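In the working numbering, the protein residues as written are 52 to 148. In this text, a Cβ means the ideal position worked out from N, Cα and C, and glycines have one as well. None of these values were measured; they are calculated from a predicted model. Beneath this line is the structure, given in structure tokens, with notes to follow.
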């Protein structure tokens, strides 16, 4: 059985929302109609893509790239460059890869 999030109105016009367990979307709507709820929207839960996958970010930074970044960052800070400028320079280099 799947979970369906729904919104609707009862016979008195009161807005309701909840979760219905059913084998299909149609079965969920039918169960709500039997309870005299007019469904305005219904969506199966669990079908949402997690935010991290939608952003398409790399899952890990390779250790060599991280070591190079920290070494370059350290050298620039030791040379007296401002923190923000160091990060801007390193960010520009990373975009070019």
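Query - Three-state secondary structure (DSSP) of residue 62 - result: If DSSP states are grouped into helix, strand and coil, residue 62 belongs with coil.
Report task. Could you pull out every unbroken alpha helix (DSSP H) segment of at least 4 residues lying fully inside the segment 78–144, listed in chain order? Result -> The qualifying runs are 102–106 and 114–129.
Query - Nearest-angstrom Cβ-Cβ length linking residue 58 and residue 71, presumed shorter than 8 angstroms - result: Contact between residue 58 and residue 71 does not hold, since their C-beta atoms are separated by about 11 angstroms, which reaches or exceeds 8 angstroms.
Query raised in the report: Whose C-beta lies closer than 6 angstroms to the C-beta of residue 127 among residues of the same chain, with five residues either side of it excluded?
Result: 137, listed in sequence order.
Query raised in the report: Which residues in the same chain as residue 123 place their Cβ atom closer than 7 angstroms to its Cβ, once the five residues preceding and following it in sequence are excluded?
Result: Here the set comprises 141.
Requested in this report: Pull up the distance between the alpha-carbon of residue 65 and that of residue 73, whole angstroms please.
Outcome: In a straight line, the C-alpha of residue 65 is about 23 angstroms away from that of residue 73.
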